[in-house]
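Quick note: the sequence shown uses the UniProt record's numbering, first residue 1, plus one each step.
Written out below as structure tokens is the structure these notes cover.
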Amino acid sequence: MDEFIHKELFEKIENKTKIKSEDILAVADSVKDANFKDEETIRYLVRQLSSLANVPVSEGIEDSIVDSIINHNGILDFRHLGEITDKK
């Protein structure tokens, strides 16, 4: 049952974002021990996700995302990140 839920979740993500589940898992694996207080690490992740999703991220939005994560002690605040990206 648990595996079914994961598969269904990834299918929904793939349908909405057009990003393959393998790519999502690869990104997740690459950042599982990442330092989200490090600006370059965050910029790398933003660029990697932007490339996977084929959605350009302007320098201003990238800066806002980086600042938001750094100012929240490396914690991802998805609500605030959503507000940033909605302003584009």
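Positions of the beta carbon are idealized from the N, C-alpha and C atoms, including for glycine.
Cβ pair residue i, residue j closer than 8 Å
{"i": "Val27", "j": "Leu9", "result": "no"}
{"i": "Val46", "j": "Ile65", "result": "yes"}
{"i": "Ile13", "j": "Ile24", "result": "yes"}
Length of the line joining the Cα atoms of residue i and residue j
{"i": "Ile84", "j": "Ile61", "result": "7 Å"}
{"i": "residue 152", "j": "Ser21", "result": "One cannot answer for residue 152 here, as it falls past the ends of the chain, which runs 1 to 88."}
{"i": "Asp38", "j": "Ile19", "result": "26 Å"}
{"i": "Asn73", "j": "Val31", "result": "16 Å"}
{"i": "Asp67", "j": "His6", "result": "32 Å"}
{"i": "Ala53", "j": "Asn15", "result": "12 Å"}
{"i": "Phe36", "j": "Asp29", "result": "14 Å"}
{"i": "His55", "j": "Asp86", "result": "For the sequence presented, residue 55 should be read as Val rather than His. Answer to the nearest angstrom: the Cα atoms are 13 Å apart."}
Next on the checklist: Please give the ranges of any beta strand (DSSP E) in the stretch 7 to 71, keeping only runs that are unbroken, at least 3 residues long and fully inside the region.
Outcome noted: none
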